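End of the sequence shown = 314 in UniProt numbering, gap-free, step of one.
Idealized CB from N, CA, C, for every residue including glycine.
It should be emphasised that the depicted structure is a prediction, and the values quoted were computed from it without experimental measurement.
The structure under discussion appears below in the form of structure tokens.
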Amino acid sequence: MEITFLGTGSGAPSRARNVSATALHLPQRGEWWLIDCGEGTQHQILRASHIRLSQLTRIFLTHLHGDHLFGLPGLLASRALAQGGVGPITIYGPDGVEAWLKATLRVSGMRFGFPVTFVTVKPGEVCTDGEFTVTAAPVRHRIEAYAFAVREAEQAGRFDVAAAAALGIPPGPLYGQLKAGKTVTLDDGRVIEGSALVGPTRPGRCVVFSGDTGPAPELAPLAKGADLLIHEATYSELDRGLADRAAHATATVAAEVAREAGVHSLLLTHFSARYEGGESEVNLETLLSEARAIFPETRLAYDQLRVSVPRREQ
Numbered sequence: 001m002e003i004t005f006l007g008t009g010s011g012a013p014s015r016a017r018n019v020s021a022t023a024l025h026l027p028q029r030g031e032w033w034l035i036d037c038g039e040g041t042q043h044q045i046l047r048a049s050h051i052r053l054s055q056l057t058r059i060f061l062t063h064l065h066g067d068h069l070f071g072l073p074g075l076l077a078s079r080a081l082a083q084g085g086v087g088p089i090t091i092y093g094p095d096g097v098e099a100w101l102k103a104t105l106r107v108s109g110m111r112f113g114f115p116v117t118f119v120t121v122k123p124g125e126v127c128t129d130g131e132f133t134v135t136a137a138p139v140r141h142r143i144e145a146y147a148f149a150v151r152e153a154e155q156a157g158r159f160d161v162a163a164a165a166a167l168g169i170p171p172g173p174l175y176g177q178l179k180a181g182k183t184v185t186l187d188d189g190r191v192i193e194g195s196a197l198v199g200p201t202r203p204g205r206c207v208v209f210s211g212d213t214g215p216a217p218e219l220a221p222l223a224k225g226a227d228l229l230i231h232e233a234t235y236s237e238l239d240r241g242l243a244d245r246a247a248h249a250t251a252t253v254a255a256e257v258a259r260e261a262g263v264h265s266l267l268l269t270h271f272s273a274r275y276e277g278g279e280s281e282v283n284l285e286t287l288l289s290e291a292r293a294i295f296p297e298t299r300l301a302y303d304q305l306r307v308s309v310p311r312r313e314q
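This is the structure in structure tokens:
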């Protein structure tokens, strides 16, 4: 599981940052998912050589503001041109995204050439396939908006090959049965319990995307124990008044959510352009310091940053 930040700015693109889009790469499945799709997202994907549009299978939209949405028609049109053909895609978002996209298609005469399924997001489970479950929680923004948690199912414990060899168990079909926790009888009559050779179940990984939000009590329960929380931090706490009026978060608010939820790490994103450059006394390092004072395991995201989410043993 790997995250690629395709856009980490807010409102409008700047020289340093594009608007919101984040890729969740699932190499074990040969696919990736997109969370939000601001204008210019497909151009950002061209810069990410490990991501192919043909492997995009799901798009999750946190809300329908333009800086999270306006890149969608162009991205889908480019996907239709991908070499080797493409399969179906599912778009999850608040009520209105299907009507908006279909109106765009009607006016432009665009056709995709692949099936597109729309799922209207409501609080609770959005989708599950046995390996991953996506859950949504409402957050506090100027329009209907959701945060998403992507949770991986628990993984079987590691099979102790060395212990099996020490018991004289030959590699082969028996290993598969023992890995599954089954009891097997060897040719010499010994009975081996598979559970004795398999370590404890490993927790699945979890990544949470806040989308745009002010302080939202629903967010910490959604992110409880997550490996990674990606939270917007449009403003410094010194500009809390601006944040409250715009229904956005400060770096302090994001860190408080991370601490309350007990996440392992926090990545801040969706920065106001006012903090770029060195002209202001308040800059992105200010935001980082504010967050780390509350939650030390905090970093700042930037466009094209790749972050691996490793499995934990316990």
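Item	Value
Simplified DSSP state of I294, which is helix, strand or coil	coil
Reference T269; option with closest CA among H63, D129, I230	I230
Whole runs of the alpha helix (DSSP H) within the region 200 to 225, excluding any shorter than 4 residues	219 to 223
Residue range of the unbroken beta strand (DSSP E) whose run includes residue 315	As shown, the chain starts at 1 and ends at 314. That puts residue 315 outside it, with no answer to give.
Of the residues R311, F271, V86, A291, the one placed nearest D303, counting alpha carbons only	F271
Inter-residue spacing [alpha-carbon to alpha-carbon] between H141 and V119	21 Å
From R312, L284, Y146, residue whose alpha carbon lies closest to that of G93	Y146
For H50, three-class secondary structure by DSSP	coil
Other residues of its chain near T252: CB distance less than 6 Å, five sequence neighbours each side excluded	E237, E290
Cut-off 7 Å between Cβ atoms - residues of its own chain near E98, not counting five sequence neighbours on either side	F118
Cβ pair F209, I35 closer than 9 Å	yes
Cut-off 6 Å between Cβ atoms - residues of its own chain near Q177, not counting five sequence neighbours on either side	V184
Whole alpha helix (DSSP H) elements within the region 136 to 180, 4-residue minimum	161 to 166, 173 to 179
Whole beta strand (DSSP E) elements within the region 262 to 291, 3-residue minimum	265 to 269
Limits of the unbroken beta strand (DSSP E) element including T120	116 to 120
Sheet register partners of E232 (DSSP bridge)	T269
Segment contact, 8 Å Cβ cut-off, at least three pairs: the region 154 to 161 with the region 195 to 212	yes
Integer Cβ distance of M1 from V309, believed to fall under 8 Å	4 Å
CB contact flag (S20, H68, <9 Å)	yes
Any 3 or more C-beta pairs closer than 8 Å across the region 72 to 83 and the region 213 to 231	no
Close Cβ partners of E152 (< 6 Å) along its chain, the five nearest in sequence each way excluded	F132, G204, R205
DSSP state of L75 mapped onto helix, strand, coil	helix
Buried or exposed (CB count within 10 angstroms, at least 16 for buried), T298	buried
Inter-residue Cα distance where the pair is G225 and F148	14 Å
For G194, three-class secondary structure by DSSP	helix
Helix, strand or coil at L242 according to DSSP, with G and I counted as helix	helix
Run of the alpha helix (DSSP H) containing S108, from where it starts to where it stops	97 to 108
Extent of the continuous beta strand (DSSP E) to which S308 belongs	306 to 308
Through-space distance from S78 to F114, alpha-carbon basis	12 Å
Separation of A136 from residue 317, as counted between CA atoms	This structure cannot speak to residue 317, because the chain is shown only from 1 to 314.
Where S280 falls, given that 16 or more other Cβ within 10 Å makes a residue buried	exposed
Nearest residue (CA-CA) to R29, options A166, A243, Q55	Q55
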